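Written out below as structure tokens is the structure these notes cover.
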Amino acid sequence: MQKITAAITAVGGYVPEYRLTNKELENMVETNDEWIRTRTGVEERRILKGEGLGSSDLAVPAVLELCNKRGIKADTIDCLICATVTPDMVFPATANIICDKAGAVNAFSFDVGAACSGFLYALTNGAALIESGRYKRVVVVGVDKMSSIIDYSDRATCIIFGDGAGAVLLEPNEEGNGVLDSILRSDGSGRKYLHMKAGGSVKPATVETVLAGEHYVYQEGQAVFKFAVKGMAEVSYELMERNNLTSDDIAWLVPHQANLRIIDATANRMGLPKEKVMINIQKYGNTTAGTLPLCLWEWEKQLHKGDNIILAAFGGGFTWGATWLKWAY
Ligand code: UT7
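Mapping of the sequence shown onto our numbering: position 103 corresponds to residue 113, and the numbering continues sequentially without gaps.
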């Protein structure tokens, strides 16, 4: 009997309307369009405006789009996993809230916190649930409303991040397509370079922590950059090697969209030409857990059954990894 694999059978995505351009940022911090483009590749990013709206409000349209495309009702979803670092609330899980708003009333749901690698971690977990044979429909969401934790007076971080969500449906496949292998890594000693100082149990939020801006992303960009270039490229190459995949075998690299230079370094290490690399960082910036599913969403029509696709990410934690899948439709 053919082994059951977990195949992506539908993709949904959502980005908010508002476009924060490099020009607009020039009026907010001391920066310029040329610097941002050449150092990061970002030209604009989307921002979710409006009182009382959070990550779940980005995720729900993505989940509903996916259900619509696949022709299924949300109440037939068995499990929903949400990767995010910007949950609606510290608790309950944003996944619970997404299920409530989307009508996925029969799903159990939980969040995964692995920053920019969150979608890969969640995808691996979701795939294992399908492979177990116990679950038939698992939705994996990657979403972040990064604008809720960004200091728009810090030019080193506010130029990079944006808001967005993507979601995939996983279902059992017996043709050998779907998630085939993953290498996931973490190293918590990297937390000193990228974290949020206050608001957790070590340092609960107070008036003082807010006044000191400790509820915003703290990043030592250069240090993170060095680890990211090395980590993302190495793990992607390792995944290719251990599965005997050459650059000719690979149809697409889906890289985390943190910095165009990190993407280029990974593609070079894998021997892939630019035409095989999904890049939308210029439009959306770094949407943290949203980047990978947003790429799949945008490129969906160009994908073919049997295509070998490598997804790769690096982010806060540090967390990083790569996943190999064969497209199923
Ligand atoms: O997705 C999660 C993981 N995160 C990442 O992967 C991010 C990795 N890091 C990066 O992408 C890059 O480090 C940044 C884009 C954050 C920064 O680029 P960089 O080339 O590493 O710049 P830098 O921090 O080394 O700064 C170079 C110079 C500095 O000025 P001096 O000291 O040389 O005079 C900065 O103050 O650029 C200055 N600078 C800016 N200038 C104009 C920093 N930010 C800006 C800015 N506009 N927005």
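Think of the CB as a built atom: it goes at the ideal place given N, C-alpha and C, for glycine as much as any other residue. The model shown is predicted, which means the values in this text are computed figures rather than measured ones.
Query                                                                                                                  : Result
Touch test, the segment 200 to 212 against the segment 229 to 242, Cβ-Cβ under 8 angstroms, three pairs minimum        : yes
Residue burial classification, Gly188 (beta-carbon count within 10 angstroms, cutoff 16)                               : buried
Under the three-state DSSP convention, the category Gln229 falls into                                                  : strand
Residues near Arg29 in its chain [Cβ-Cβ closer than 7 angstroms; skip 5 each side]                                     : Glu54, Arg56
Inter-residue Cα distance where the pair is Phe101 and Glu224                                                          : 20 angstroms
Whole beta strand (DSSP E) elements within the segment 246 to 299, 3-residue minimum                                   : 260 to 265
Other residues of its chain near Pro71: CB distance less than 7 angstroms, five sequence neighbours each side excluded : Tyr24
Asp197 - DSSP class collapsed to helix/strand/coil                                                                     : coil
Beta-carbon spacing of Trp307, Lys286 below 9 angstroms                                                                : no
CB of Leu302 within 9 angstroms of CB of Gly152, strictly                                                              : yes
Sufficient close CB pairs (3 or more, under 8 angstroms) joining the segment 312 to 331 to the segment 168 to 183      : no
DSSP bridge partner residues for Thr31 (one or two, in chain order)                                                    : Glu54
Any non-hydrogen atom of the ligand UT7 closer than 8 angstroms to Val150 Cβ                                           : no
Spatially closest choice to Glu75 from Gly64, Gly22, Asn254, by CA coordinates                                         : Gly22
Cβ-Cβ separation, Val115 to Ala132 (assumed contact under 8 angstroms), whole Å                                        : Contact doesn't hold; Cβ gap of about 21 angstroms is too wide.
Buried or exposed (CB count within 10 angstroms, at least 16 for buried), Val217                                       : exposed
Bounding residues of the alpha helix (DSSP H) (the contiguous stretch that carries Asn187)                             : No alpha helix (DSSP H) contains Asn187, which DSSP labels as neither H nor E.
Alpha-carbon spacing of Ala124 relative to Glu141, whole angstroms                                                     : 22 angstroms
Distance between beta carbons of Asp154 and Gly300, contact taken as under 8 angstroms                                 : 5 angstroms
Cβ-based burial, Lys336 [other Cβ within 10 Å; buried from 16]                                                         : buried
Exposure of Gly241, with buried meaning 16 or more beta-carbon neighbours within 10 Å                                  : buried
Beta-bridge pairing of Trp330 - partner residues as DSSP gives them                                                    : Arg195, Phe324
Near the ligand UT7: Arg344 beta-carbon under 8 angstroms from a heavy atom                                            : Lying before the first or after the last residue shown, residue 344 is absent from the chain, which here runs from 11 to 339.
Pro283 burial status per 10 Å Cβ neighbour count (16 or more: buried)                                                  : exposed
Residues that Cys92 bridges to, as DSSP identifies them                                                                : Asp121, Val151
Closer than 8 angstroms: Asn254 CB and nearest the ligand UT7 heavy atom                                               : no
Contacting residues, own chain, Cβ-Cβ under 6 angstroms from Asp197 (five flanking each side not counted)              : Phe328
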